[in-house]
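Trainee: In full-length UniProt numbering, the protein residues as written are 1 to 309. I have a structure here, written as structure tokens, and I will follow up with some questions on it.
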């Protein structure tokens, strides 16, 4: 490997489409056995970054290594050691679960036992079912099984739970955590902050083609310097500087008429906030308090919600 501890080394990747730079000099490393999250709203560049790593797009500048293999010079070797589940996977819907896994397995010199793979993906009862009859969650689990059939070193999952119901999402989470226990290196993109917090050892936040933060979920939240968030709406124009002067506030953000104040002393800040609003005769609407989250980190850093279109 290029570096003993790293399974993936990304160095200054750039991808352009005409005058538009989709990915602008992204650099990071992923450790062996790590679940690494790429987060960002649509257009942030996370999917393009993933597609360059798996050989679907060619970078204009920079390069990356999967293990010891250079994605620009040894792409065939890279493809032998990675498994990929894309946002949309087109499957042969008249084949059964068992048949399509056997077909994919035949593409490789060796593959995992198909029966075990079906059991691992919780598809045992569907092994003889045609793909067209599967639910959304079952199709996603099958897509992951297809990515795993050749026992890859690294698994890329591009928004694996988008569109799934809560139970199906949790089932996918369990599968990802099981793969991590087996020592697989996993890179996933997601629109869900709770998913990233549960699954990822480290998270890279992308916005407008650039990497703007990289750390563990806990450290990213801690760097807000606030244990609590207080959100409310006002009917008047927001003067963020004035709200930031409320006692105990460490950071203040706003989006249109909604204000979010971050504080390490919730009681002090609430008391001061209500007093300030009363003195100015401002009605606080939809007042809520909660523990600060990764979503707060993202909004603070980018000024927009993760799931914003």
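Each residue gets a CB set at the ideal place from its N, CA and C atoms; glycine is no exception.
Measure from the alpha carbon of residue 94 to the alpha carbon of each residue in 74, 184, 205, 128, then state which is nearest.
Mentor: On the chain shown, position 94 is the one that residue 94 refers to. Comparing Cα positions, the closest option is 128.
Trainee: Compute the Euclidean distance between the alpha carbons of residue 26 and residue 107, then round it to the nearest angstrom.
Mentor: Here residue 26 is taken as the residue at index 26 of the chain shown, counted from 1. Here residue 107 is taken as the residue at index 107 of the chain shown, counted from 1. Computed Cα separation, rounded: 33 Å.
Trainee: Which of the three DSSP states is assigned to residue 176 in this structure?
Mentor: Numbered from 1 along the chain shown, position 176 holds the residue referred to as residue 176. DSSP places residue 176 in helix when its eight states are reduced to three.
Trainee: Would you mind giving the Cβ-Cβ distance between residue 36 and residue 175, rounded to the nearest angstrom? I have them listed as a contact below 8 Å.
Mentor: Here residue 36 is taken as the residue at index 36 of the chain shown, counted from 1. Here residue 175 is taken as the residue at index 175 of the chain shown, counted from 1. At roughly 17 Å, the Cβ-Cβ gap does not stay under 8 Å, so residue 36 and residue 175 are not in contact.
Trainee: Given a threshold of 16 other Cβ atoms within 10 Å of its Cβ, counted over all protein chains shown, does residue 52 qualify as buried or as exposed?
Mentor: Counting from one through the chain shown, the residue named residue 52 turns up at place 52. Buried, by the Cβ-count rule.
Trainee: Could you check where the beta strand (DSSP E) with residue 30 kicks off and where it finishes?
Mentor: Walking along the chain shown from the start, residue 30 turns up at place 30. Here the beta strand (DSSP E) through residue 30 covers 20-31.
Trainee: Determine whether the beta carbon atoms of residue 209 and residue 22 lie at a separation below 7 Å.
Mentor: Against the chain shown, residue 209 aligns to sequence position 209. Against the chain shown, residue 22 aligns to sequence position 22. A contact, by the Cβ cut-off of 7 Å.
Trainee: Between the beta-carbon of residue 85 and the beta-carbon of residue 157, is there less than 7 Å?
Mentor: In the chain shown, counting from the first residue as 1, residue 85 sits at position 85. In the chain shown, counting from the first residue as 1, residue 157 sits at position 157. In contact: residue 85 and residue 157 (Cβ atoms closer than 7 Å).
Trainee: Whole-angstrom Cβ separation of residue 263 and residue 248, contact assumed at under 8 Å?
Mentor: Taking the chain shown and counting its residues from 1, one reaches residue 263 at position 263. Taking the chain shown and counting its residues from 1, one reaches residue 248 at position 248. Right, the Cβ-Cβ distance comes to about 4 Å (below 8 Å), so this counts as a contact.
Trainee: Using C-beta distances below 8 Å, list every residue in its chain close to residue 18, excluding the 5 sequence neighbours before and after it, in chain order.
Mentor: Your numbering for residue 18 matches position 18 in the chain shown. None.
Trainee: Below 7 Å between beta carbons: does that hold for residue 238 and residue 297?
Mentor: Position 238 of the chain shown, counted from the start, is the residue given in the question as residue 238. Position 297 of the chain shown, counted from the start, is the residue given in the question as residue 297. Taking 7 Å as the Cβ cut-off, residue 238 and residue 297 do not qualify as a contacting pair.
Trainee: Using the Cα positions of residue 170 and residue 281, report the straight-line distance between them to the nearest angstrom.
Mentor: Here residue 170 is taken as the residue at index 170 of the chain shown, counted from 1. Here residue 281 is taken as the residue at index 281 of the chain shown, counted from 1. Approximately 46 Å, taken between the alpha carbons.
Trainee: Quick one: grab the DSSP three-state call for residue 241.
Mentor: Reading the chain shown from its first residue, position 241 is the one you call residue 241. Helix, per DSSP.
Trainee: Among 20, 44, 47, 64, which residue has its Cα nearest to the Cα of residue 10?
Mentor: Translated into the one-based positions of the chain shown, residue 10 becomes position 10. Nearest C-alpha to residue 10: 64.
Trainee: Of all the alpha helix (DSSP H) runs that stay within the bounds of the region 191-224, which reach a length of 4 or more residues?
Mentor: Listed in chain order, they are 193-199, 217-222.
Trainee: Rounding to the nearest angstrom, what Cα-Cα distance links residue 259 and residue 207 in this structure?
Mentor: By 1-based counting over the chain shown, the position of residue 259 is 259. By 1-based counting over the chain shown, the position of residue 207 is 207. Taking the straight line from one Cα to the other gives about 22 Å.
Trainee: How close, in whole Å, do the beta carbons of residue 246 and residue 272 come, if the pair is a contact with beta carbons under 8 Å?
Mentor: Position 246 of the chain shown, counting from 1, holds the residue named residue 246. Position 272 of the chain shown, counting from 1, holds the residue named residue 272. Yes, residue 246 and residue 272 are in contact; Cβ-Cβ is about 5 Å, under 8 Å.
Trainee: Is residue 258 helix, strand or coil by DSSP?
Mentor: Counted from its first residue, the chain shown places residue 258 at position 258. Three-state DSSP puts residue 258 in a strand.
Trainee: Identify the residues that DSSP records as bridge partners of residue 285: which are they?
Mentor: Your numbering for residue 285 matches position 285 in the chain shown. Answer is 233, bridged to residue 285.
Trainee: Check this for me: beta carbons of residue 41 and residue 83, under 7 Å apart or not?
Mentor: Counting from 1 along the chain shown, the entry for residue 41 is found at position 41. Counting from 1 along the chain shown, the entry for residue 83 is found at position 83. Contact flag unset, no.
Trainee: From 55, 87, 80, pick the residue whose C-alpha is nearest to that of residue 72; which is it?
Mentor: Taking the first residue of the chain shown as position 1, residue 72 is located at position 72. The shortest C-alpha separation from residue 72 is found at 55.
Trainee: Considering just the uninterrupted stretch of the alpha helix (DSSP H) at residue 136, what are its terminal residues?
Mentor: Locating residue 136 in the chain shown gives position 136, counting from the first residue. Looking at the DSSP string, the run of the alpha helix (DSSP H) that includes residue 136 is 136-148.
Trainee: Just mark residue 7 as buried or exposed, buried being the case when its beta carbon has 16 or more other beta carbons within 10 Å.
Mentor: As a working mapping, residue 7 is identified with position 7 in the chain shown. Classification of residue 7: buried, given that the 10 Å Cβ count is 16 or more.
Trainee: When DSSP labels each residue in this structure, what does residue 3 get in the three-state scheme?
Mentor: To locate residue 3, count along the chain shown from 1; it is residue 3. Model confidence at residue 3 stands at a pLDDT of 44, short of 50, so the residue's coordinates are unreliable; what they give is reported in the following sentence. Coil.
Trainee: Would you report the Cα separation of residue 29 and residue 267, rounded to the nearest angstrom?
Mentor: As a working mapping, residue 29 is identified with position 29 in the chain shown. As a working mapping, residue 267 is identified with position 267 in the chain shown. The straight-line gap from Cα to Cα measures roughly 41 Å.
Trainee: Could you name the residues that DSSP lists as bridge partners for residue 251?
Mentor: On the chain shown, residue 251 is found 251 positions in, with the first residue counted as 1. In DSSP, residue 251 forms a bridge with 262.
Trainee: Taking only the alpha-carbon atoms, compute the straight-line gap between residue 278 and residue 251 and give it to the nearest angstrom.
Mentor: If you number the chain shown from 1, residue 278 lands on position 278. If you number the chain shown from 1, residue 251 lands on position 251. Those two C-alpha atoms are separated by around 21 Å.
Trainee: Using the beta-carbon count (16 or more within 10 Å), is residue 150 buried or exposed?
Mentor: The count along the chain shown starts at 1 and reaches residue 150 at position 150. Counting Cβ neighbours within 10 Å, residue 150 comes out buried, since at least 16 surround it.
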